[in-house]
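Colleague: The structure's right below; bear with me while I get my questions together.
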Amino acid sequence: MPRMSATRLLVTAAIAFSIAACSGEGGGEAAPAAKEAPPVLKERHDNFEAIGDAFKAVRGELEKDTPDFALIATKASDINARAQKIEGHFPTGTSVDDGYDTEALATIWQKPEEFKAANQKLVDESAKLVSLAGGTDKAAVGAQAMAMGGACKGCHDQFRLDDKK
Ligand code: HEC
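One gets this note's numbering by counting positions in the sequence shown from 1 and adding 472 to each.
Written as structure tokens, this is what we have:
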């Protein structure tokens, strides 16, 4: 897999770029259209990787007899914040069909409402997890972590290329 070891600097630059892009500065000079991947692809990859790591940390806590609920809340809150960035990471023309090294299926742009709903589900389920992790009911937190996992799977099943089948 040509997954270059991520240089933090590039990530930071990409994020700074997207913040600048969001805060007004219109301009059509963003994408230099060659098949070189636009920075947003790396940004969305890194965002999903971080979501994956955070979810792993949540599951790790839940395997313990006495989970650190504050840590679960922090991780769930990170997932919630990152979930709200997902939509902005999918500009048109960045699916696997466009020739990029990505698992983003063209379905994302063919069914934008469904994609949006799948994204919103993660926002909602992670918010519920944050709130439940404010208590110490392991069963309830565990059930909600499962529900959140269902939101991951729901979107992946429909919109992410599965190269493991
Ligand atoms: C709204 C849709 C959606 C939701 C919700 C979602 N994902 Fe994904 N995920 C994707 C897509 C699309 C990709 C492929 C991105 C790419 O390759 O550009 C992906 C890729 C990933 C990757 C691989 C990183 C990469 O870019 O190669 C991981 C890890 C991941 N997701 C974890 C999760 C976890 C964990 C959750 C739930 C907590 C989750 N995702 C929720 C759509 C979603």
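Beta carbons are placed, not taken as given, at the ideal position from N, Cα and C, and that holds for glycine. Keep in mind the model is a prediction, meaning the values are calculated, not measured.
Going by the C-beta, is Glu533 closer than 8 Å to any heavy atom of ligand 1?
Modeller: no
Colleague: With DSSP collapsed to three states, give me the class of Gly496.
Modeller: Its pLDDT being 42, under 50, Gly496 is placed unreliably in this model, and the coordinates cannot settle the point.
Colleague: Would you kindly check if the distance between the Cβ of Lys593 and the Cβ of Gly565 is under 9 Å?
Modeller: no
Colleague: Leaving aside the five residues before and after Ala578 along the sequence, list all residues of the same chain whose C-beta is less than 7 Å from its C-beta, in chain order.
Modeller: Ser567, Asp569
Colleague: According to DSSP, Arg632 sits in a beta bridge with which residue or residues?
Modeller: Ala576
Colleague: Do you know whose CA, among Phe562, Asp550, Ala623, lies nearest Lys583's CA?
Modeller: Phe562
Colleague: What's the call for Met620, buried or exposed, on a 16-neighbour Cβ count within 10 Å?
Modeller: buried
Colleague: Assuming Leu633 contacts Glu586 under a Cβ cut-off of 8 Å, what Cβ separation, rounded to an integer in Å, is found between them?
Modeller: Not a contact, Cβ separation roughly 16 Å.
Colleague: Please classify Ala509: does DSSP put it in a helix, a strand, or coil?
Modeller: coil
Colleague: Ala589 and Asp550: beta carbons closer than 9 Å?
Modeller: no
Colleague: Is it buried or exposed for Ala463, if we count other Cβ within 10 angstroms and need 16 for buried?
Modeller: With the chain covering only 473 through 637, there is no way to say anything about residue 463.
Colleague: Using three-state DSSP, classify Ala548 as helix, strand or coil.
Modeller: helix
Colleague: Using the C-alpha atoms, what's the distance from Asp573 back to Pro539?
Modeller: 38 Å
Colleague: Alpha carbons only, please: which of Asp635, Ala509, Gln630, Lys547 is nearest the one belonging to Glu597?
Modeller: Lys547
Colleague: Quick check: what's the CA-CA separation for Ala615 versus Leu534?
Modeller: Ala615 and Leu534 have their C-alpha atoms roughly 10 Å apart.
Colleague: Taking the continuous alpha helix (DSSP H) assigned at Pro539, which residues delimit it?
Modeller: Segment: none, Pro539 is in no alpha helix (DSSP H) and carries neither H nor E.
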